[in-house]
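**Q** Residue numbers (the working numbering): 666 to 845.
Positions of the beta carbon are idealized from the N, C-alpha and C atoms, including for glycine.
Here it is, the structure, as structure tokens.
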């Protein structure tokens, strides 16, 4: 059904393969595949705060495609982001204007979530683990600073649990009295 002439002329086989990249210079680069039936494309970017649905950024750009050699090639569109402290998630919508459906063609959307903050990893100054456990070792496939597998998981939990029980039953003052 998708390969019938009416469906093809309305973009049924068009796979835009939208890629969106957020650059450090506060811009968003939208890349997608062009199709041979569209005369132009409308690219709409909306920005939203982390927890709200009210738009804090909106911009529209149009791309004309009039040359046959551009068919089935990728194109890039750059949006300079405004208000980047308030907006962190974005929605990119590409609307093709095919001859048969004009402004009622199927739109393709790509969402860009807010960046994930860096995870907390143990460091050299960790107050919870002695320096040897933080690992100056860097075994094959391991990164420097990772916790040695022997000291992770249930091993370290069991060690701390035994230490806690030992100090609860035998406080340091009692040991000294018992020995004298």
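So, with DSSP's three-state summary, where would you put residue 748?
**A** Here residue 748 sits in coil by DSSP.
**Q** Excluding five sequence neighbours on each side, which residues of the same chain lie with their C-beta closer than 8 Å to the C-beta of residue 721?
**A** The answer, listed in chain order, is 712, 713, 714, 748, 751, 752.
**Q** Where does residue 767 sit, in a helix, a strand or coil, going by DSSP?
**A** Helix.
**Q** Please state whether DSSP places residue 720 in a helix, a strand or coil.
**A** Coil, per DSSP.
**Q** Tell me whether the beta-carbon of residue 726 lies closer than 8 Å to the beta-carbon of residue 708.
**A** A contact, by the Cβ cut-off of 8 Å.
**Q** Helix or strand or just coil, what does DSSP make of residue 759?
**A** Three-state DSSP puts residue 759 in a strand.
**Q** Please confirm whether residue 740 and residue 694 have their CB atoms less than 8 Å apart.
**A** Not in contact: residue 740 and residue 694 (Cβ atoms no closer than 8 Å).
**Q** Please tell me whether residue 698 and residue 681 are closer than 8 Å, where the distance is taken between their beta carbons.
**A** In this structure, residue 681 lies closer than 8 Å to residue 698 by Cβ.
**Q** Can you give me the Cβ contacts of residue 779 inside the same chain, cut-off strictly under 6 Å, excluding the 5 residues immediately before and after it?
**A** The residues are 715, 753, 754.
**Q** Assuming residue 706 and residue 761 are in contact, meaning their beta carbons sit under 8 Å apart, how far apart are those beta carbons, in whole angstroms?
**A** So it is a contact: roughly 5 Å between Cβ atoms.
**Q** Mind checking residue 710: buried by the 16 CB within 10 Å criterion, or exposed?
**A** The residue in question, residue 710, is buried, as its Cβ has 16 or more Cβ neighbours within 10 Å.
**Q** What three-state label does DSSP hand residue 830 in the structure shown?
**A** If DSSP states are grouped into helix, strand and coil, residue 830 belongs with the helices.
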